[in-house]
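Visitor: Protein chains in written order, with the working numbering: chain Z, 30 to 289; chain F, 18 to 281; chain D, 284 to 626. Here it is: the structure, laid out below.
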Amino acid sequence: MHHATAKPLVELREASKRFKSGTLALRDISLSIDAGEFVTLLGPSGCGKSTVLRMVAGLDSPSAGSVHAPALTTDKVSTAFVFQEATLMPWASVFDNVYLPLRLQGFAQREVKSRVFAALKSVGLEEFASSFPSQLSGGMRMRASIARALINDPKILLMDEPFAALDDFTRQKLNDDLLRWHQERAVATLFVTHNIAEAVFLSQRVLVMQARPGKIMHALRIDEPYPREPSFRTSMTFLNYCRELSVALERAMLTETSAR
Amino acid sequence: MKRLTDVMLPIATLVIFAMLWEFGVRWADIPSYTLPAPSVILHSLIANWPSLAASWWFTLQITFGALLLACSGGILIASVFSLSPALERAFFPIAVVLQVTPIVAVAPLILIYVDSTTAALLICAWIVAFFPILSNTVTGLRMTDRNLMDLFRLYRASPWQRLRLLRAPSALPYFLAGLKISGGLSLIGAVTAEMVAGAAGRETGLASRILEASFRTETPKMFAALALLVLTGVLIFMLFTALSRVLLAHWHDAEQLTDTGRTL
Amino acid sequence: MVWRLIQSLMLMATLAGISHAQQAVTFATNWKAQAAQGGFYQAVADGTYKKYGLEVTIRQGGPQVNNRPLLPARRIDFLMTGNLLHSFDNVKNGIPVTVVAAMFQKDPQALMAHPNQGYENFSALKNAPIALIAKDGQFSWWQWLKVAHGFKDEALRPYNYNLGPFLSQPKSIQQGYSVAEPIYIEEQGKFKPVVHLLADHGFSTYSTLIEARTETVKNNPDLVQRFVDASIIGWVNFMYGDRTAANARMLKDNPEITVAEIEASVELMKQQGIVDSGDASVDGIGAMKPARIADFYAQMVKAGLYQAKDVDLSKVATTQFVNKQVGVELKKTLTNVQAMSKN
């Protein structure tokens with residue numbers, strides 16, 4: 030549950046994005062995320078979910094409307110980003126990859142060695158500190174990427190379909206782990222996916238988007254408390270949530286075809 | 018075991034080739050001033066070793082000196098280009114001009130403008146070796162992963178941090194590819210320049226020995242000097258191949274070994 | 284119509300028969316056509332070679348061209364070389380060629396300097412800061428200059444047959460033929476250079492030598508004799524007779540040269556006694572004395588270019604084709620005609 034009285038960590042007010050090519054990717058997106066919340070953007074491919082993420086990260090700016098996010102202030106960096114590919118530096122060891130954000134902030138290696146190892150331990154990679162990305166499996170690389178994201182205790186974690194390239198089994202395991210890390214650190218998370226089951230399992234709120242131009246056309250609150258057991262996945266409530274999202278998604282895709 | 022066969026196979030081929038050459042020359046009674054047999058060449062190599070060795074050392078110095086200058090120049094200018102697209106657009110055509118300039122035509126001119134013969138030879142070898150390193154490094158610096166660039170932006174990395182920690186390592190495989198090419202070219206440039214423009218006294222390399230032997234009709238000596246040149250080329254290639262493997266093996270596709278031990 | 288055809292065919296056959304009586308000979312020189320090769324071009328242009336039953340093709344040399352390997356490789360029949368050092372090298376390395384005539388009694392190889400720079404004395408040349416020497420000289424007579432006259436490698440700069448560096452640097456010296464380069468230097472640099480002939484300082488080699496394969500000398504001496512004799516006659520006519528046809532021929536082979544330059548060069552050749560002095564004025568152009576060859580070799584051994592036993596001097600040259608006063612009478616006739624026409 031979140032408390033409506035605290036100021037939201039992230040706020041978009043009627044943010045629109047038109048690309049240089051003329052395409053209107055997003056129109057009047059309004060959303061807010063409170064500290065510690067887990068919010069998912071769900072939608073078909075090309076609906077602009079990644080663009081929203083990039084705007085919150087400060088990597089893109091809106092053509093109209095406003096975006097307020099920690100990344101856009103001059104405070105020290107408290108935003109983390111996890112890409113769909115693990116995006117590790119292939120020439121560096123796992124340790125060096127996780128150390129990178131601290132290094133860029135100016136910390137010497139010996140100062141933060143224990144922190145890095147702690148982060149590796151929390152994602153279960155402490156034995157692979159000196160391995161190189163090419164020696165790890167896809168799931169392990171994603172863990173390293175998450176360890177890197179969490180190393181400097183971010184206030185908000187942005188994740189762009191991070192588990193899409195993994196097999197179902199690994200994905201579910203990582204879903205469990207992600208919730209654990211989310212709870213341990215109380216980090217707000219904006220998660221992008223087109224997988225309904227994943228959205229329901231992970232989030233407190235799911236925003237369904239339609240494409241071209243991107244718009245939020247449905248919001249769903251999931252009241253299941255944390256921590257969420259694997260048994261949640263097979264419960265009736267879970268199924269109902271999934272159905273509701275499924276219907277919403279279908280409508281989203283219909284409006285898209287009719288708009289052509 | 019496999020490593021051993023890797024090494025033995027080319028050596029065996031060379032030995033067989035040399036034997037065929039030796040017997041062919043003897044059987045056809047070819048005079049040594051036309052095509053000397055390997056035994057005659059070896060004899061000449063040993064007999065002339067002092068002067069050949071000194072010349073070899075000089076050629077090596079020019080080759081690696083020019084290569085070092087080409088690397089520093091190439092890396093420096095490529096970095097500048099990567100930080101300023103405007104400068105790149107302005108000066109890249111000049112680099113291309115350097116690439117297509119025929120050294121054979123330009124070497125005598127450079128010798129007129131530059132007083133020291135050694136400096137002139139260095140310049141000629143540099144001209145030939147410079148472009149592949151520049152071009153490959155520029156490409157490599159540009160080939161940085163998009164997402165990693167975003168990541169560095171997110172963490173507010175300074176341009177210097179970005180260059181040092183992201184662009185430079187990304188560019189390394191490309192740079193090394195350019196280096197492999199430039200190594201051989203630098204040798205060719207050094208030899209060609211000396212052959213076309215000439216050199217004198219103590220500042221002479223293998224090219225001068227080849228010319229001298231040719232003018233004095235000492236064909237076995239000419240072949241001996243040529244053999245040293247060829248050996249140098251091979252050694253340079255092997256050196257940079259090994260360097261590439263050492264630096265890249267743990268992460269780059271080009272140097273990865275598959276389960277069967279063959280490179281991809 | 285048919286008869287005409289048969290007549291043409293018969294004519295062609297006869298002509299073909301006649302041209303077979305002319306022996307095809309290729310003669311390679313060591314530079315592009317210039318006055319220092321004039322006698323050979325004369326013999327081609329005025330039909331002297333043809334009179335001796337030879338169809339001679341002259342194959343030019345040049346700055347990047349080295350015709351010497353062609354002789355032992357049997358691609359040419361006769362070769363022109365610039366000095367005896369090449370012959371010594373040949374014998375030392377077992378190459379079966381030998382000298383059959385020496386058209387120049389003096390080697391025109393010289394060092395040139397700017398006037399009024401203190402190089403009026405030969406001994407001053409070794410202190411020049413820059414000596415422009417080409418590769419051919421660098422590996423032969425320059426070595427002799429170092430040992431016999433104290434020249435230093437530090438001064439040596441590669442000479443690529445471009446007058447620019449010499450003209451623009453007053454303290455520099457450069458190599459050249461005493462009968463050629465001074466003319467070009469005067470044209471381009473507008474000054475008369477100081478010329479020091481190496482021959483005047485101990486470089487006593489013969490020059491513009493004709494070389495042939497030893498097998499040709501052994502198996503076909505008649506061919507060699509005809510070629511040598513015709514070449515000698517060619518030189519006499521070139522030096523003392525009407526050389527317009529020869530000049531035209533040289534211009535055709537080397538368009539960069541002019542008739543004025545050729546004429547000036549001939550004058551210098553006469554003044555300096557390059558072709559026709561000493562033994563040649565008595566025994567005819569092409570004359571050779573074994574004693575002189577041996578003496579030159581001894582000097583080169585002293586200069587460290589060779590070890591005494593490197594070269595079997597008997598193989599270097601053969602005098603069987605020269606010293607026969609060929610052309611001496613002809614020269615007398617031509618010079619008398621000139622003297623008479625002057626009166």
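A virtual CB, placed ideally from N, CA and C, is assigned to each residue, including glycine.
#1: What would DSSP say about His60 (chain F), mapped onto helix, strand or coil?
#2: Is DSSP giving Lys36 (chain Z) helix, strand or coil here?
#3: Between Phe604 (chain D) and the rest of its own chain, which residues show a CB-CB distance below 7 Å, the 5 nearest in sequence each way excluded?
#4: Suppose you measure from the CA of Glu437 (chain D) to the CA of Gln421 (chain D); what does that come to, to the nearest Å?
#5: Checking the sheet assignment: what are the DSSP bridge partners for Asp189 (chain Z)?
#6: What in chain Z is Cβ-close to Ala174 (chain F), meaning under 7 Å?
#7: Would you report the Cα separation of Gly242 (chain Z) and Asn224 (chain Z), rounded to the nearest angstrom?
#8: On a CA-only basis, which of F:Phe257, F:Arg184, F:Ala64, F:Arg170 is nearest Val106 (chain Z)? Give me that one, please.
#9: Pairing CB atoms from the segment 99-106 of chain F with CB atoms from the segment 192-199 of chain F, are three or more of them under 8 Å?
#10: Can you tell me whether Lys435 (chain D) is buried or exposed? The criterion is at least 16 other CB atoms within 10 Å of its CB, across all chains shown.
#11: Quick check on Asn404 (chain D) - is its C-beta less than 8 Å from some C-beta in chain F?
#12: Tell me, to the nearest whole angstrom, how far the beta carbon of Ala417 (chain D) is from that of Gln452 (chain D); I am working on the premise that it is less than 8 Å.
#13: Fully enclosed by the segment 105-183 of chain Z, which beta strand (DSSP E) runs are 3 residues long or longer?
#14: What three-state label does DSSP hand Asp46 (chain F) in the structure shown?
#15: Using the beta-carbon of each residue, which ones in chain D are nearer than 9 Å to Thr76 (chain F)?
#16: Only counting the same chain, and skipping five residues up and downstream in sequence, which positions put a Cβ closer than 7 Å to that of Ser49 (chain F)?
#17: Could you name the residues that DSSP lists as bridge partners for Glu494 (chain D)?
#18: Report yes or no: do three or more beta-carbon pairs, one from the segment 143-152 of chain F and one from the segment 85-97 of chain F, lie closer than 8 Å?
#19: Under 8 Å: do the segment 130-140 of chain F and the segment 176-185 of chain F share three or more Cβ pairs, one atom per stretch?
#20: Any idea what DSSP makes of Ala35 (chain F), helix, strand or coil?
#21: Would you say Glu591 (chain D) faces chain F, with C-beta separation under 8 Å as the test?
#22: Excluding the five sequence neighbours on either side, which residues of its own chain have a C-beta within less than 6 Å of the C-beta of Met188 (chain Z), listed in chain order?
#23: Going by DSSP in three states, Arg526 (chain D) sits in which element: helix, strand or coil?
#24: Per DSSP, what kind of secondary structure is Asp559 (chain D) in: helix, strand or coil?
#25: Within 10 angstroms of the Cβ of Leu31 (chain F), are there 16 or more other Cβ atoms? Answer buried if so, exposed if not.
#26: Pick helix, strand or coil for Arg241 (chain Z), following the three-state DSSP scheme.
#27: Throw me the rounded Cβ distance for the Ala240 (chain Z) and Leu274 (chain Z) pair, which I believe falls under 8 Å.
#28: Identify which residue in F:Ala244, F:Arg262, F:Gln78, F:His267 has its Cα closest to the Cα of Pro55 (chain F).
#29: Since His479 (chain D) is in the beta strand (DSSP E), which residue starts that stretch and which ends it?
#30: Answer yes or no: does any C-beta atom of chain Z fall closer than 8 Å to that of Leu100 (chain F)?
#31: Taking the Cβ atom as the reference point for each residue, do Thr116 (chain Z) and Leu165 (chain F) lie within a distance shorter than 8 Å?
#32: Apart from the five residues just before and just after Gln116 (chain F), which ones in its own chain have a Cβ nearer than 7 Å to its Cβ?
#33: Could you tell me if the beta carbon of Ile205 (chain F) falls within a distance shorter than 7 Å of some heavy atom in the ligand SAM?
#34: Would you say Trp518 (chain D) and Gly322 (chain D) are within 8 Å of each other, going by their C-beta atoms?
#35: Just to make sure I have the definition right: I need the residues of chain F whose C-beta is within less than 9 Å of the C-beta of Asp372 (chain D). Which are they?
#36: Does the beta carbon of Leu260 (chain F) come closer than 8 Å to any beta carbon on chain Z?
Guide: So, from the listed chains and residues:
#1: Here residue 60 (chain F) refers to the residue found at position 43 of the second sequence. If DSSP states are grouped into helix, strand and coil, His60 (chain F) belongs with the helices.
#2: On the first sequence, position 7 is the one that residue 36 (chain Z) refers to. It is coil, neither helix nor strand.
#3: Here residue 604 (chain D) refers to the residue found at position 321 of the third sequence. Only Val383, Ala384, Val507, Gln508, Val511 meet the Cβ criterion.
#4: On the third sequence, position 154 is the one that residue 437 (chain D) refers to. On the third sequence, position 138 is the one that residue 421 (chain D) refers to. Rounded to the nearest angstrom, the two C-alpha atoms are 13 Å apart.
#5: By 1-based counting over the first sequence, the position of residue 189 (chain Z) is 160. For Asp189 (chain Z), which the question treats as bridged, DSSP gives the partners Z:Val221.
#6: In the second sequence, the residue the question calls residue 174 (chain F) occupies position 157. Under the 7 Å cutoff, chain Z gives Leu133.
#7: Indexing the first sequence from 1 puts residue 242 (chain Z) at position 213. Indexing the first sequence from 1 puts residue 224 (chain Z) at position 195. This sequence places Pro at residue 242 (chain Z); Gly is not what is there. Answer to the nearest angstrom: the Cα atoms are 21 Å apart.
#8: As a first step, residue 106 (chain Z) must be located in the first sequence, where it is residue number 77. Out of F:Phe257, F:Arg184, F:Ala64, F:Arg170, F:Arg170 has the C-alpha closest to the C-alpha of Val106 (chain Z).
#9: no
#10: Translated into positions along the third sequence, residue 435 (chain D) becomes position 152. When all chains shown are included, Lys435 (chain D) counts as exposed.
#11: Stepping through the third sequence from its first residue, residue 404 (chain D) is reached at position 121. Asn404 (chain D) does not count as touching chain F.
#12: The residue given as residue 417 (chain D) occupies position 134 in the third sequence. The residue given as residue 452 (chain D) occupies position 169 in the third sequence. The pair is not a contact, with the Cβ atoms about 17 Å apart (cut-off 8 Å).
#13: 108-111
#14: For the purposes of this step, residue 46 (chain F) is taken as the residue at position 29 of the second sequence. Correct three-state label for Asp46 (chain F): coil.
#15: As a working note, residue 76 (chain F) is residue 59 in the second sequence. By Cβ distance, chain D contributes nothing, its closest Cβ being about 16 Å from Thr76 (chain F), past 9 Å.
#16: As a first step, residue 49 (chain F) is located in the second sequence; it is residue number 32 there, counting from the start. Here the set comprises Val57, Thr236, Pro237.
#17: In the third sequence, the residue the question calls residue 494 (chain D) occupies position 211. BP columns for Glu494 (chain D) point to D:Leu362, D:Val382.
#18: yes
#19: no
#20: Against the second sequence, residue 35 (chain F) aligns to sequence position 18. Three-state result, Ala35 (chain F): helix.
#21: On the third sequence, residue 591 (chain D) is found 308 positions in, with the first residue counted as 1. It is Ala, not Glu, that sits at residue 591 (chain D) in the sequence shown. Cβ-Cβ to chain F under 8 Å: no for Ala591 (chain D).
#22: Here residue 188 (chain Z) refers to the residue found at position 159 of the first sequence. Taken in chain order, the residues that qualify are Val111, Phe220.
#23: By 1-based counting over the third sequence, the position of residue 526 (chain D) is 243. Coil at Arg526 (chain D), not helix or strand.
#24: Position 276 of the third sequence, counting from 1, holds the residue named residue 559 (chain D). Note: Asp559 (chain D) maps to coil in three-state DSSP.
#25: For this step, residue 31 (chain F) is matched to residue 14 along the second sequence. Under this definition Leu31 (chain F) is an exposed residue.
#26: Within the first sequence, residue 241 (chain Z) is the residue found at index 212, counting from 1. The answer is coil: DSSP assigns Arg241 (chain Z) none of H, G, I, E or B.
#27: Counting from 1 along the first sequence, the entry for residue 240 (chain Z) is found at position 211. Counting from 1 along the first sequence, the entry for residue 274 (chain Z) is found at position 245. No, Ala240 (chain Z) and Leu274 (chain Z) are not in contact; Cβ-Cβ is about 16 Å, not under 8 Å.
#28: Residue numbering aside, residue 55 (chain F) sits at position 38 when the second sequence is read from its first letter. For the residues F:Ala244, F:Arg262, F:Gln78, F:His267, the minimum Cα distance to Pro55 (chain F) belongs to F:Ala244.
#29: Locating residue 479 (chain D) in the third sequence gives position 196, where the first residue counts as 1. Start and end: 477-480.
#30: Taking the second sequence and counting its residues from 1, the one referred to as residue 100 (chain F) is at position 83. Judged by the 8 Å Cβ criterion, Leu100 (chain F) is not in contact with chain Z.
#31: Translated into the one-based positions of the first sequence, residue 116 (chain Z) becomes position 87. Translated into the one-based positions of the second sequence, residue 165 (chain F) becomes position 148. Contact flag set, yes.
#32: Taking the second sequence and counting its residues from 1, the one referred to as residue 116 (chain F) is at position 99. Contacts found: Phe148.
#33: Questions concerning the ligand SAM fall outside what the structure shown contains, since it holds no ligand whatsoever.
#34: Locating residue 518 (chain D) in the third sequence gives position 235, counting from the first residue. Locating residue 322 (chain D) in the third sequence gives position 39, counting from the first residue. In this structure, Gly322 (chain D) lies closer than 8 Å to Trp518 (chain D) by Cβ.
#35: As a working note, residue 372 (chain D) is residue 89 in the third sequence. The answer, in chain order, is Phe232, Arg233, Thr234, Glu235.
#36: One-based indexing of the second sequence puts residue 260 (chain F) at position 243. No, Leu260 (chain F) lies away from the interface with chain Z (no Cβ there is under 8 Å from its Cβ).
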